[in-house]
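A.B. asks: Protein chains in written order, with the numbering used here: chain A, 1443 to 1722; chain B, 1443 to 1722. We put the beta carbon where it would ideally sit given N, CA and C, even for glycine. Being a predicted model, the structure only gives us computed values, none of them experimental. Take a look at the following structure, please.
2 protein chains.
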Amino acid sequence: MIIIDGKKYRDELLEKYEKEIKENGLDITLAIILVGSNDASKIYVRNKIKFCEKVGIKVNLYSLDENTSENEVIKLIEKLNTDETITGIILQSPVPNGINFDKCANIILPNKDVDGFTSENVKALYSGSEKIIPCTVKGIIKLLEHNEINLKGARIVIVGRSEIVGKPLALALTNRDATCTLCHSKTENLKDFTKDADIVISATGKAKIINSDMVKNDFIGIDVGINRDNGVLCGDFDFEDVKEKAKFLTPVPGGVGPMTIAMIIDNLIYMKRNEEVNNG
Amino acid sequence: MIIIDGKKYRDELLEKYEKEIKENGLDITLAIILVGSNDASKIYVRNKIKFCEKVGIKVNLYSLDENTSENEVIKLIEKLNTDETITGIILQSPVPNGINFDKCANIILPNKDVDGFTSENVKALYSGSEKIIPCTVKGIIKLLEHNEINLKGARIVIVGRSEIVGKPLALALTNRDATCTLCHSKTENLKDFTKDADIVISATGKAKIINSDMVKNDFIGIDVGINRDNGVLCGDFDFEDVKEKAKFLTPVPGGVGPMTIAMIIDNLIYMKRNEEVNNG
């Protein structure tokens, strides 16, 4: 059994990105909009800033008051859209009540949409002409490819149908010729699906819902869950229980999580290079 | 075994739509853009005109020369977008080489996008807040619902990953709490997937690829294929072979096909009513 070390691979990628940015003199600035004072959001933002600055990406943080109106957020996004010094924009989720996240995020110009949430980027993913895809999805695919895990014809079961992971992942893996089943909270007898899967990817946020009875020998497990079980951080897989049956398995923490931040940088570099192409 | 009669249900729906349009004085005009002289396209367009006019919807046909430029198509769409007398717009596929269908279709205003192909409508489907969804997909769901076939928790295998049927259907059925597997030409051992499915929906365009060995007893078969086998029209299912095992089965012709045209009208009525809401 091989534990896929996302942290190690992230660090390799960050080194590569840092070099690429330096050697090519890529002048990249990320704008992050943080509305309100959600504690988790603050941690995420702090991490994004830390890793971006580490590789030579500037970050402009727009920290807005809890009482900011939707209109003010929209105006700020519109200003950043037309600001040529800004490469990419992130609207940190969640936003306070009274602000429609989807509506605001969709105003970000598709070619500045780091998270890949806009209609144009979703449509591109859907139609197989991917442009910017959600960072967690890109991170999972990079991890699989880096470990030379075959996707073409692979049977993949995805558990969880969120817009950030499950649905875009099903589309992205279908684009790569995998056969995907998208399971969720209303799926009956989840085991019937997971037991034959070559790859099981879980993103439900329910601690240890996947155990060794539910997977086949030599399965590949990708754990996107970040949960707590009796106060201890754990994933959607019961790691100790399934590990004997796994060929590859990502741990929590240290698996998929670290990749997401690296893919923000990957997307920003892609956007910067694309910008250069567009400008001639 | 019940053969689902799409033609009969279509006719019931057309009667209902005609009444609804008349009683509410709905003034609906559909604009169809036909570029070039593809024979199949001409037949499709003729049918759309026939059924729309039957229920009291006006159709403006813009029949453009084979050599029309992409720019001219775009200009026409922009004109129709701002024309308040036009309820909905269809750009008939396929278009001649030199015209990018996706690019042109995406210029149609989302609330005039009868086919549901625009990024905004795809994103709405993806995020579970469906607005206008592709007519074939809507037709299949209507057929299933009309026959009181349970979708919640159902195991559905979709064969074929097109943007017109397979992918939007997987999203729409996931929105309705079904567990969907999206199979395609690179799926290995298709039977492994279809044999356990409550509902098998095939849209591959390959004659009779699904036979009785591949399905379970009392399965429900929805056949979106329109193929020819030795000159005879047939679907993706080997109808005579599978019918004994089926609980419900759609025939070809006369199953899903007739529903698609009815859903164009369904979408147009939805758009007209929506327009009234927006203006009122």
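#1: So with CB distances below 9 Å, who are the chain B contacts of LYS1628 (chain A)?
#2: From which residue to which residue does the beta strand (DSSP E) around ALA1688 (chain B) run?
#3: Pop quiz: ILE1582 (chain B) and LEU1611 (chain B) are said to be a contact at Cβ under 8 Å. What is the actual Cβ separation, rounded to whole angstroms?
#4: In the DSSP assignment, find the beta strand (DSSP E) that holds SER1644 (chain B) and state where it starts and stops.
#5: Roughly how many whole angstroms lie between the Cα atoms of TYR1504 (chain B) and ILE1475 (chain B)?
#6: I'd like to know whether the C-beta of GLU1495 (chain A) is nearer than 7 Å to at least one C-beta of chain B.
#7: DSSP puts CYS1625 (chain A) in a beta bridge; with which residues?
#8: Give the residues of chain A in contact with LYS1554 (chain B), contact being defined as C-beta atoms less than 8 Å apart.
#9: With 16 other CB atoms within 10 Å as the buried threshold, where does LYS1709 (chain A) fall?
#10: Where do the N-terminal and C-terminal ends of the alpha helix (DSSP H) with LEU1503 (chain A) fall, by residue?
#11: Within 7 Å (strictly less), CB to CB, does THR1529 (chain A) reach chain B?
#12: So the alpha helix (DSSP H) ASP1481 (chain B) belongs to, where does it begin and stop?
#13: Measuring CA to CA, which of B:GLY1558, B:VAL1719, B:ASP1525 is closest to GLU1605 (chain B)?
#14: Run through chain A and tell me which residues come within less than 7 Å of CYS1625 (chain B), C-beta to C-beta.
#15: Which complete beta strand (DSSP E) runs does the stretch 1509 to 1557 of chain B hold, if anything under 3 residues is left out?
#16: In or out: ASN1672 (chain A) buried (at least 16 other Cβ within 10 Å) or exposed?
#17: Check distances from the C-beta atoms of the stretch 1632 to 1652 of chain B to those of chain A and list, in chain order, the residues that come in under 8 Å.
#18: Is there at least one Cβ from chain A nearer than 7 Å to SER1569 (chain B)'s Cβ?
#19: Taking 7 Å as the CB-CB cut-off, is SER1483 (chain B) touching chain A?
#20: Tell me which residue opens and which closes the alpha helix (DSSP H) that ASP1684 (chain B) is part of.
#21: May I ask you to list, following chain order, the residues of the stretch 1451 to 1470 of chain A that have a beta carbon less than 7 Å from some beta carbon of chain B?
#22: Once the 5 residues before and after LYS1573 (chain A) are set aside, which same chain residues still bring their CB inside 6 Å of it?
#23: Since LEU1593 (chain A) is in the beta strand (DSSP E), which residue starts that stretch and which ends it?
#24: So, using beta-carbon positions, are ILE1601 (chain B) and CYS1625 (chain B) closer together than 7 Å?
#25: Counting along the chain, where does the alpha helix (DSSP H) carrying PHE1559 (chain B) start and finish?
#26: Name the chain B residues that come within less than 8 Å of THR1616 (chain A), Cβ to Cβ?
#27: Is GLY1595 (chain A) near ALA1645 (chain A), with beta carbons less than 7 Å apart?
#28: Is the Cβ-Cβ distance between ASN1548 (chain B) and THR1560 (chain B) less than 7 Å?
#29: Taking ASN1542 (chain A) as the reference, give the member of A:GLU1590, A:VAL1477, A:THR1527, A:ASP1555 with the closest Cα.
#30: For LYS1580 (chain B) and chain A, any beta-carbon pair shorter than 7 Å?
#31: Does chain B have any CB closer than 7 Å to the CB of SER1561 (chain A)?
C.D. replies: Here's the rundown:
#1: LYS1594, GLY1595, ASP1619, ALA1620, THR1621
#2: 1688 to 1691
#3: 6 Å
#4: 1641 to 1644
#5: 5 Å
#6: no
#7: A:VAL1601
#8: Near LYS1554 (chain B) there are no residues of chain A at all, since even the closest Cβ is about 16 Å away, more than 8 Å.
#9: Note that residue 1709 (chain A) is Asn in the sequence shown, not Lys. Answer is buried; the Cβ neighbour count reaches 16.
#10: Premise fails: LEU1503 (chain A) lies in the beta strand (DSSP E), 1500 to 1506, not in any alpha helix (DSSP H).
#11: no
#12: 1481 to 1497
#13: B:GLY1558
#14: THR1621
#15: 1530 to 1533
#16: exposed
#17: Here the close residues are ASP1634, PHE1635, ASP1638.
#18: yes
#19: Taking Cβ atoms only, chain A never reaches closer than 7 Å to SER1483 (chain B), which makes this a no.
#20: The sequence as given places Val at residue 1684 (chain B); Asp does not occur at that position. Unbroken alpha helix (DSSP H) run through VAL1684 (chain B): 1681 to 1684.
#21: Across the stretch 1451 to 1470 of chain A, no CB contact with chain B closer than 7 Å is found for any residue.
#22: ASN1563, ALA1566
#23: Unbroken run through LEU1593 (chain A): none, as it is neither H nor E.
#24: First, the residue type needs correcting, since residue 1601 (chain B) is Val and not Ile in the sequence shown. Going by C-beta atoms, VAL1601 (chain B) is nearer than 7 Å to CYS1625 (chain B).
#25: Annotation: PHE1559 (chain B) is outside any alpha helix (DSSP H) and is labelled neither H nor E by DSSP.
#26: ARG1603, LYS1609, LEU1624, HIS1626
#27: In this structure, ALA1645 (chain A) does not lie closer than 7 Å to GLY1595 (chain A) by Cβ.
#28: yes
#29: A:VAL1477
#30: no
#31: At a cut-off of 7 Å between beta-carbon atoms, SER1561 (chain A) makes contact with chain B.
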